[in-house]
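Structure follows, in structure tokens:
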């Protein structure tokens, strides 16, 4: 299979060409092939398929053509060749091995030819590369500006290869062959003076001087008739050389005579040939477009002044210096708005002035400005003028100007700074052509495309650390003022999030208020409702910078960002983001990736995103609708229910869903208990503020439900400080007037109090839970409360009373038909009988409970506890070997499942009866893990 762009757009298979349908479909394929393996946005495809204003249904038309292309590729089994046309968010990507594309093979052959030392091998490769061309590139696509520009760029590559082929022929002494190659190209491009110059030189060396002179006069007439201009200096010099002849016997003709002949009698200064008089063969003039020695001595410098008050950034400066080494490096400096990317690059550039003797160019691309970005032509004109090109000699087309820029910089040691780039397309035409040129690009976006196509080396810039942030404040306010209030200065740096822009604005406010202390400003910044306003000065500040970043993003991405501000915690996954915005996880993830690329969010761990504090405040200031909080809370309820099912299979739902429950579009699935517990652990720090936000918003029914759904994590990390959260849930259940919820919360709270050693408090709470459940006729809740109350009674020294409570709970469970509570009652009953020394009864009860619901392949908490009871009962009955085996099995299952509390208990029991020397290290490790988690 082969994809072709060098001629008519086509797909060739073993059985022939693949029918591609109408011109729009071929154009769509061309646009995708121009960026193989790279997502192409629908907006870009739209500009490629329509010359003018696209129709309202352009997106639907594109979707239809994509579907047809997929069907066509499927019909020839393109997947077997590694080809796939995939959808990626708001874009399409044609995944394929690049070797299947003629453009890639052409570029590869040209690159290899350039690396050849021998001209014969180079000529062979150039001929092979040019043989891939079947006509003008993209010959049968829509004449849109986008595709025309791409075709022109490919044509420029072909012409460059043809010129290199001719040069190779010349090095082999085949001047006639060089002339043949060049004549064909010069005929096709009669106004391209460089081709005429090369052809004239080849004809002279081939002994065809008269043809060279004839070609000059033909070209001069065309330039005058078509463009109204005279030949440029290179062409004029080639004519002068032809007049002199190959041996210099025409040296009688003076430079002035040559100039007179070339200009047709006109004497404008910009077209006089800059050669010495009399002309000698060794006097080789420089083209007017290339700076002469004097110009290079005063090398162009367009850099803005160095930033004042620059501090720190040693690591980033070192990374930038390392990235700027090698052949024609492109350094990509990225980071969020206001982080100091431009200051970093300008400081580095001014410090390294000596490394760029041929000059330093700078362009503010205003990719995120509200005044509009400069056109590529505007930037190129400024660059070319700085390099010495006379204004009216600058090509009118962007492609022509870019090609001239690359040509002029081919042999220079130049620095080019492209500041505030919006995307990779804005940068590529401005890349210098020289091996010793360094291009530094700054952007709020990641510009991954530039990394793919131009091997750009990324240098990430993040917020300042506390020390550097404090130094920045001192640079604006003065060291004495900062040293007088070091604690306040550090706190101010924290409130500004280490963001240099925020720090400078805060410092500027203080500088204007000499009587205001740093402590007073810190107190003002501590008010979240005022912080962003305090960090704005005139048209500069954090809010303005973030606004400019956000306005460059598609509406659905901006909408997702606004909804992130309604999240009560600090991290979101794609499911939480989807719930906030009322969309699906795939769409939310696509938006999160775009926001990450724009440095508005950070992917802190795979699949989890967070916002900088100031960015979060800005997001909260945006309009996002009133249901976002309710939707994300219901997402947590749905996800926690799924996690509970995986962590404790067989448990009944502990409550009905809220009456106004808003189900999420999709709920995360958990493959096993460990995945569920991992989710609980990861979300703990976000579920706690979610509970607080729900309670503050008066969503009391959701408040106590979310807390109850933390039950598996509470069981596994019981000493993790749960009482305040449970007290909040209890208050919410009472405010919700839900006795069922109140009883369940009291039950969990009582159990946690027992584990914390607050037994008397636990008995009070559990007694209330039992009575409340009995009054409401909730047998399962009553049984639960009796089971936990029995634990408290046993702790107070009453195992028999505890056993009677569990027997009553067992009756209630059987009456209610709850197999889970029945098993739980038996588990606790067995424990209390062991504690009372009733070994046989304890063993029988534990054995019955283990057989009650066969979970031999599942290491759940009740099973582990029952194995421990059996082991202790067997030891009490004198069966030491089997008792030790049961305890060891309980310990190993607890260790493997992460139930550290159970592991400590089982290993502790083993240490008392076993001589195994490895037990102590296992016990110590379990204690260490438990201590770390609690």
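Numbering (the numbering used here), first residue to last: 890 to 1823.
Note that beta-carbon positions come from the ideal geometry of N, C-alpha and C, so glycine has one too.
| Among the residues of its own chain, which have a CB less than 7 angstroms from the CB of residue 1153, if the five just before and after it don't count? | Per-residue confidence for residue 1153 stands at a pLDDT of 35, beneath the threshold of 50, marking its modelled position as unreliable; the derived number appears in the next sentence. Excluding positions up to five away in sequence, the list is empty.
| request: Measure how close the beta-carbons of residue 1549 and residue 1459 come, nearest whole angstrom, since I'm counting them as under 8 angstroms. | output: That belief does not hold up - the Cβ atoms of residue 1549 and residue 1459 are roughly 27 angstroms apart, past 8 angstroms.
| field | Pick from 1201, 1738, 1749, 1498 that is closest to residue 1719, judged by C-alpha positions | value | 1738
| Between the CA atoms of residue 1088 and residue 1171 - distance to the nearest angstrom | The predicted position of residue 1171 is uncertain, since its pLDDT is 28 and thus under 50; a value taken from the coordinates is nonetheless stated next. Distance between the alpha carbons of residue 1171 and residue 1088 is about 20 angstroms.
| query | For the beta strand (DSSP E) that contains residue 1220, what are its first and last residues? | reply | 1219-1223
| task | Assign residue 1090 to one of two classes, buried (16 or more other C-beta atoms within 10 Å of its C-beta) or exposed (fewer than that). | result | buried
| message | Determine whether the beta carbon atoms of residue 1675 and residue 1694 lie at a separation below 7 angstroms. | response | yes
| query | So what's residue 1403 in DSSP terms, helix, strand or just coil? | reply | coil
| message | Quick check on residue 1793: buried or exposed, where buried means 16 or more other Cβ atoms within 10 Å of its Cβ? | response | buried
| said: With DSSP as the reference, identify every bridge partner of residue 1544, one or two as the case may be. | reply: Residue 1544 is not bridged to any residue.
| Buried or exposed by the 16-neighbour rule on C-beta atoms within 10 Å, applied to residue 1155 | Since pLDDT at residue 1155 reaches only 33, below the 50 mark, its modelled position is unreliable, and no value is offered.
| query | Which residues in the same chain as residue 1005 place their Cβ atom closer than 8 angstroms to its Cβ, once the five residues preceding and following it in sequence are excluded? | reply | 1011, 1014
| message | If I follow the unbroken beta strand (DSSP E) through residue 1308, where does it start and stop? | response | 1304-1308
| message | Just list the residues that DSSP pairs residue 1347 with in beta bridges. | response | 1221
| request: Go to residue 1249, then tell me how far its beta strand (DSSP E) extends in each direction, as first and last residue. | output: 1249-1253
| query | Can you pull the DSSP bridge partners for residue 1338? | reply | None, per the DSSP bridge assignment.
| So, using beta-carbon positions, are residue 1382 and residue 1418 closer together than 7 angstroms? | no
| said: Here's a check: name, in chain order, each residue in its chain whose Cβ is nearer than 7 angstroms to the Cβ of residue 1448, leaving out the five neighbours to either side. | reply: 1470
| field | residue 1584 classed as buried or exposed, judged by whether at least 16 other C-beta atoms fall within 10 angstroms | value | buried
| Extent of the continuous alpha helix (DSSP H) to which residue 990 belongs | Counting along the chain, residue 990 falls outside any alpha helix (DSSP H), and DSSP gives it neither H nor E.
| field | Backbone secondary structure at residue 1808 - three-state DSSP | value | helix
| field | Below-7 angstroms beta-carbon distance, residue 1128 vs any chain C residue | value | Structure shown: chain C not included; a single protein chain is present.
| message | Could you tell me the alpha carbon to alpha carbon distance between residue 1074 and residue 1051, rounded to whole angstroms? | response | 8 angstroms
| request: Kindly identify the DSSP beta-bridge partner or partners of residue 853. | output: The first residue shown for the chain is 890 and the last is 1823, placing residue 853 beyond what the model contains.
| Taking buried to mean at least 16 other C-beta atoms within 10 Å of its own C-beta, is residue 963 buried or exposed? | exposed
| query | Counting Cβ pairs closer than 8 angstroms, one from the region 1776-1793 and one from the region 1807-1819, do we hit at least three? | reply | yes
| request: Whole angstroms is fine: what's the gap from residue 1776's alpha carbon to residue 1628's? | output: 40 angstroms
| query | Does DSSP classify residue 1602 as helix, strand or coil? | reply | helix
| residue 1537 to residue 1496 span [Cα, whole Å] | 25 angstroms
| task | With DSSP as the reference, please indicate the residues paired to residue 984 in a beta bridge. | result | 973
| query | With burial defined as no fewer than 16 other Cβ atoms inside 10 Å of the residue's Cβ, what is the status of residue 1285: buried or exposed? | reply | exposed
| Beta-carbon spacing of residue 1328, residue 1320 below 7 angstroms | yes
| task | Counting only runs of 3+ residues fully inside the region 1260-1326, write out the beta strand (DSSP E) ranges in chain order. | result | 1304-1308
| field | Selection from 1019, 970, 1798 that minimises the alpha carbon distance to residue 994 | value | 1019
| field | Under the three-state DSSP convention, the category residue 1491 falls into | value | strand
| said: Using the Cβ count rule (16 or more neighbours within 10 Å means buried), how would you classify residue 988? | reply: exposed
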